[in-house]
Amino acid sequence: MLEFPKEFFWGSAIAAHQVEGGNIHNDWWDSEIKGVFKFPSGNACRHYELFRQDFDLARQLNQNALRFSIEWSRVEPRPGEFNEAEIQHYKDVVLALRERKIEPVITLHHFTNPVWFNQLGGWQNKKAVDYFLGFVEKVVNALSSDVKYWVTINEPMIYLYFGYSLGIWPPHKKGILNTISSYKSLVRAHVKAYRVIHTVYKNKNLPEPKVSIAANLRYFMPCKDDFTTRLAVHMRDRLYNFYFLEDIHKAGALDYIGVNYYTKEDVPAKSGCAQVEKNSLGWDIYPAGFYELLLKLKKFKLPVFILENGICTVDDDQRWKYIYEHLKSLHRAMEAGIEVLGYLYWSLMDNFEWDKGFGPRFGLIDIDYNTYERKIRESAQKYAQVCLAGRLV
Ligand code: IFM
133 MLEFPKEFFW GSAIAAHQVE GGNIHNDWWD SEIKGVFKFP SGNACRHYEL
183 FRQDFDLARQ LNQNALRFSI EWSRVEPRPG EFNEAEIQHY KDVVLALRER
233 KIEPVITLHH FTNPVWFNQL GGWQNKKAVD YFLGFVEKVV NALSSDVKYW
283 VTINEPMIYL YFGYSLGIWP PHKKGILNTI SSYKSLVRAH VKAYRVIHTV
333 YKNKNLPEPK VSIAANLRYF MPCKDDFTTR LAVHMRDRLY NFYFLEDIHK
383 AGALDYIGVN YYTKEDVPAK SGCAQVEKNS LGWDIYPAGF YELLLKLKKF
433 KLPVFILENG ICTVDDDQRW KYIYEHLKSL HRAMEAGIEV LGYLYWSLMD
483 NFEWDKGFGP RFGLIDIDYN TYERKIRESA QKYAQVCLAG RLV
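In this note's numbering, the protein residues as written are 133 to 525.
As structure tokens, this is what we get:
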């Protein structure tokens, strides 16, 4: 039996564009209606209207934390023009969570931008960070009294890779120079947002907030025991896993480390040294890598918060096995001295998996996209027992 701390966050995560539906003012929607993607997000899960029902289910599943994102393009559909009704909507969302004794963990940027922001040059515009801060200040002022945990940017390296290096996601700005300049912008955006958030709390005499990013971390698996492989692993760790975190840590803008962990990657790539099970998108399932990675975070001397960990599969037994094995690894890392604040499964419900559409099923809750009926999966019930007892049997 593995015991977790009494004060532990057990929950799940979602993101606006993937669940809300009808996000007509953002760049993903714009690319979708221009036919760039095969699968448009449309109504998604209709979570925008059904959020109370979804939070009832989260409560029923004994979850005490939920991560969601605020859709910037709803709050600020035109530059400097804030939509008070949308701000009220997110206040209602936070309140609905609090009423159910669920801790809100709020993401401010989860892959989508308002269309106007991209039209003005996106993250390459000299004023990009100021635009973002205008939104951040507005939202944080509105929600601060009921929120402690903030995530400024979700998976900056993934966003930069798909949106800039490859250019297949909005804003479709392919190229290394675009990637580098946007990287710098995102680092500045985080650091300044961190300061804005802390200042708002200070001015309002509120207890200190906790601010981080959600870093998508991958376990780079050394497939040979030689110097070149070790160097290649080190370089990938530095570049993909730690560079962004180190930059913002150096700037004193990190209160905890937000971790999203899904998979491993062999080094050299595709050498297939460890043949393992895969999820329905073909990603390797490797819980041992979760442990190894968490240990590598020791150097930051900060608590860790698992903001995403999950599997897309049509085999619900495989989902439970995934959760179980990853929780075991997490517990091992905690025994080895890593302080962990909580574990959020990705995702509370099936949702719009970006360019892959609605095919991949990551949810603890099944969504019928014809009727929008929600059905709790068996794996969710098992996870609910862990959330309730705070232990893995
Ligand atoms: O669906 C995504 C999420 O938006 C960010 N992290 C990874 C998930 C699964 O691909």
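For every residue, glycine included, the Cβ atom is placed at its ideal position computed from N, Cα and C.
The beta-carbon distance between serine 144 and leucine 520, rounded to whole angstroms, is 15 Å. This is too long to meet the 8 Å contact definition.
By alpha-carbon distance to leucine 459, the top candidate from Tyr351, Lys305 and Tyr393 is Tyr393. Assignment of alanine 406 by DSSP, reduced to helix, strand and coil, places it in the coil class.
DSSP places alanine 325 within a helical segment (H, G or I) once states are collapsed to three.
Distances from the CB of tryptophan 161 to the heavy atoms of ligand 1 are all 7 Å or more. Taking 3 residues as the shortest admissible run, the region 303-383 contains the following complete beta strand (DSSP E) segments, listed from N- to C-terminal end: 342-354.
Valine 343 is classed as buried because its beta carbon has at least 16 other beta carbons within 10 Å across all chains shown. When secondary structure is reduced to three states using DSSP, asparagine 411 falls in the coil class, being assigned neither helix nor strand. In this structure, the straight-line span from the alpha carbon of alanine 321 to that of glycine 522 is close to 36 Å. Under the DSSP assignment, alanine 197 falls in the beta strand (DSSP E) whose first and last residues are 197-201. The DSSP assignment places 159-165 as complete runs of the alpha helix (DSSP H) inside the region 155-181, in order along the chain (cut-off: 4 residues).
Proline 435 is a Cβ neighbour of tyrosine 388, given a cutoff of 8 Å. Approximately 5 Å separates the beta-carbon atoms of aspartate 487 and phenylalanine 169; this is inside 8 Å, confirming the contact. The three-state secondary structure of leucine 298, taken from DSSP, is coil. Residue range 216-231 is occupied by the alpha helix (DSSP H) that includes alanine 228.
DSSP places proline 211 outside both helix and strand once states are collapsed to three, so it counts as coil. In the DSSP secondary-structure assignment, isoleucine 285 is bridged to His241. Proximity of the beta carbon of glutamate 485 to ligand 1 is indicated: a heavy atom of the ligand is located closer than 7 Å. For valine 518, the uninterrupted alpha helix (DSSP H) segment begins and ends at 510-521. Excluding the 5 residues flanking it on each side, aspartate 162 has same chain C-beta neighbours closer than 6 Å at Val247, in chain order. Per the coordinates, the alpha-carbon of proline 400 lies some 18 Å from the alpha-carbon of leucine 349. Counting along the chain, glycine 469 sits inside no beta strand (DSSP E), nor does DSSP assign it H or E at all. Shortest gap from the CB of asparagine 348 to any heavy atom of ligand 1: under 7 Å. Taking 7 Å as the cut-off, the C-beta of phenylalanine 169 does not count as close to any heavy atom of ligand 1. Residue pairing for phenylalanine 437: DSSP places it in a beta bridge opposite Gly390 and Gly474. With contacts defined as CB atoms closer than 8 Å, serine 403 and cysteine 444 fail to qualify as a contacting pair.
Residue state for lysine 453 is assigned as helix, using DSSP reduced to three classes. Between leucine 227 and phenylalanine 187, the CB-CB gap reaches or exceeds 8 Å. Straight-line measurement puts the Cα of valine 272 at about 14 Å from the Cα of asparagine 337.
Judged by DSSP in its simplified three-state form, arginine 493 adopts coil rather than helix or strand. If you ignore the 5 residues before and after alanine 385, its C-beta comes within less than 8 Å of the C-beta of His322, Val323, Tyr326, Arg327 and Val343, all in its own chain and listed in chain order. In terms of Cβ geometry, lysine 382 and tyrosine 351 do not form a close pair [threshold 8 Å].
When distances are taken from the beta-carbon of glutamine 150 to the heavy atoms of ligand 1, the shortest one is below 7 Å.
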